[in-house]
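See structure below.
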Amino acid sequence: MSKIKDYALLALGAAALSAGSAAVGYLSNKLVKRFVVKENKPKALGTFAIWGQPDSGKTTFIGLLMGRDNSSKKEQTLSKDVKGRVLLTGFFDDDFEIQELVDMPGTKDRLNDWLGLVERSDHVFYMINLKRISEKEYLRKVKLDIEKTSKSRSVSNSKIRRKINVVGTHLDQSKWKELDDSHNILQQDESLREVMELMGDARGYFYPANLLDKSSSTRLIKCVVNDCIN
Ligand SMILES: Nc1nc2c(ncn2[C@@H]2O[C@H](COP(=O)(O)OP(=O)(O)OP(=O)(O)O)[C@@H](O)[C@H]2O)c(=O)[nH]1
Ligand SMILES: [Mg+2]
Numbered sequence: 117m118s119k120i121k122d123y124a125l126l127a128l129g130a131a132a133l134s135a136g137s138a139a140v141g142y143l144s145n146k147l148v149k150r151f152v153v154k155e156n157k158p159k160a161l162g163t164f165a166i167w168g169q170p171d172s173g174k175t176t177f178i179g180l181l182m183g184r185d186n187s188s189k190k191e192q193t194l195s196k197d198v199k200g201r202v203l204l205t206g207f208f209d210d211d212f213e214i215q216e217l218v219d220m221p222g223t224k225d226r227l228n229d230w231l232g233l234v235e236r237s238d239h240v241f242y243m244i245n246l247k248r249i250s251e252k253e254y255l256r257k258v259k260l261d262i263e264k265t266s267k268s269r270s271v272s273n274s275k276i277r278r279k280i281n282v283v284g285t286h287l288d289q290s291k292w293k294e295l296d297d298s299h300n301i302l303q304q305d306e307s308l309r310e311v312m313e314l315m316g317d318a319r320g321y322f323y324p325a326n327l328l329d330k331s332s333s334t335r336l337i338k339c340v341v342n343d344c345i346n
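Below, the structure written as structure tokens:
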């Protein structure tokens, strides 16, 4: 039934209720329920691919998207964990749904799995531990990952979605810990600039955050959702 008809019947039901008709009132209640359910249907965000070196915060980020409490002890991810459809609720008036989320270990043997996800996913997020960005060996690994990720993203079969977004985690333990997560001074950092420049046309958004902090992580999720739908 069309939305206009729904509105008309709702108005009719409301009028009947005020007139005290129990039977029509019951019908009206049913309609209200149907109407509300229809309006609250979560909005689709598409599929997400999330990866980064070990301890970069992948599982923590996925936990935030799933509305999980991240306060429990860190557990290393040992196998591929496909989450399927994930409901993102409580951040906006509307609910959103991620069509697929996969958590994987950040070890080198998962690189090919990741590159496969990069080719087919709507939104790609590479996690960087900002605490470690000035470590030479860490930066080398990140740059290798980004180079390979950019290549895979460029053959993505989706013409509109070829961006790679970067989530910079552990902001609170980084050299920028005194700054808030909206500060764009981070992007002037030489190491980060080198990483972002490797992406060329695939360069997407950069989100610095403290994933363990409520306001920083809420802000992150809101920015991510906004950027996905715009
Ligand atoms: N202080 C701080 N700790 C964080 C942040 N993000 C994640 N952590 C912690 O860093 C550790 C590693 O996070 P995980 O989410 O397990 O990292 P991962 O990338 O899934 O690691 P693997 O599964 O081993 O590849 C955990 O103890 C988290 O609680 C952050 O922004 N700030
Ligand atoms: Mg993990």
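If you're matching positions, the sequence shown starts at 117 in the working numbering and goes up one per residue.
Here a beta-carbon is modelled for each residue, glycine too, at the ideal position from N, C-alpha and C.
Bear in mind that the values here come from a model prediction, so they are computed numbers and not experimental data.
Can you round the beta-carbon distance between residue i and residue j to whole angstroms, since I take them to be within the 8 Å contact cut?
i      : j      : result
Ile178 : Asp219 : 5 Å
Ala165 : Val240 : 5 Å
Val311 : Lys259 : 6 Å
Leu302 : Leu308 : 6 Å
Tyr242 : Asp261 : 7 Å
Ser290 : Leu255 : The pair is not a contact, with the Cβ atoms about 13 Å apart (cut-off 8 Å).
Gly162 : Asp238 : 3 Å
Looking at residue i: is its Cβ nearer than 9 Å to the Cβ of residue j?
i      : j      : result
Tyr323 : Val340 : yes
Gln169 : Ile280 : no
Asp297 : Leu328 : no
Asp210 : Pro158 : yes
Glu216 : Arg201 : yes
Glu235 : Ser268 : yes
Phe212 : Thr334 : no
Leu336 : Ala318 : no
Thr205 : Thr193 : no
Lys264 : Leu231 : yes
Take the Cβ of residue i as the centre, count every other Cβ of all protein chains shown within 10 Å, and call the residue buried at 16 or more, exposed below.
i      : result
Gly284 : buried
Thr223 : exposed
Ala139 : Per-residue confidence for Ala139 stands at a pLDDT of 49, beneath the threshold of 50, marking its modelled position as unreliable; the derived number appears in the next sentence. Its Cβ having fewer than 16 others within 10 Å, Ala139 is exposed.
Gly320 : buried
Gly183 : exposed
Gly173 : buried
Ile214 : buried
Val271 : exposed
His286 : buried
From the DSSP secondary-structure annotation, give me the bridge partner or partners of residue i.
i      : result
Ser167 : Looking at the sequence itself, residue 167 is Trp, so the reference to Ser does not match. DSSP, once it has assigned bridges, lists Tyr242 as partnering Trp167.
Phe212 : Lys159, Leu204
Asp219 : Asp197
Query raised in the report: Could you give the uninterrupted runs of the alpha helix (DSSP H) lying entirely in the segment 170-200, keeping only those of 4 residues or more?
Result: Runs of the alpha helix (DSSP H) lying entirely within the segment 170-200, each at least 4 residues long, are 174-181 in chain order.
**Report entry** Start-end ranges of the beta strand (DSSP E) lying completely within the segment 263-332, minimum 3 residues
**Finding:** Counting only runs of 3 or more, we get 280-285, 319-324.
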